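Mapping of the sequence shown onto the working numbering: residues 524 to 605, in sequence order. What follows is one structure encoded as structure tokens, with my remarks underneath.
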Amino acid sequence: MFKDVENHWAKDAVNDMGSRLIVNGIGNDLYNPNTDMTRAEFAAIMMKGLGLNPVDGKARLLQMWMLPLGIIPLLLQVLRQV
524 MFKDVENHWA KDAVNDMGSR LIVNGIGNDL YNPNTDMTRA EFAAIMMKGL
574 GLNPVDGKAR LLQMWMLPLG IIPLLLQVLR QV
């Protein structure tokens, strides 16, 4: 899917997330896999990957209850740092 991950160690994961519209890349079929990711970008990927839809910038409490219990503290910690 992304041309610049063809020989990258994360090729399968990046292309899988791209095919599920969790990550978008930088355009022109490129992802730029060696760039740093911000906390906000990581939080957005986590939200999309977990199927959570933000409402006014926050996840709904009901959506949070539908997550596996072990992921909730991690997700909350990431979201607090954005």
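Yeah, the Cβ is synthetic: ideal placement off N, Cα and C, and Gly gets one too. In this text, all values refer to a predicted model and were calculated from it rather than measured experimentally.
- For Val-528, the CB contacts under 6 Å within the same chain, skipping 5 residues up- and downstream, are Lys-534, Val-537, Tyr-554 and Pro-556 in chain order.
- Going by beta carbons, Gly-548 and Phe-525 fall inside the 7 Å limit.
- Around the CB of Met-560, fewer than 16 other CB atoms lie within 10 Å, so the residue is classed as exposed.
- One alpha carbon belongs to Thr-558, the other to Arg-543, and they sit about 21 Å apart.
- Under the three-state reduction of DSSP, Gly-550 is assigned to strand.
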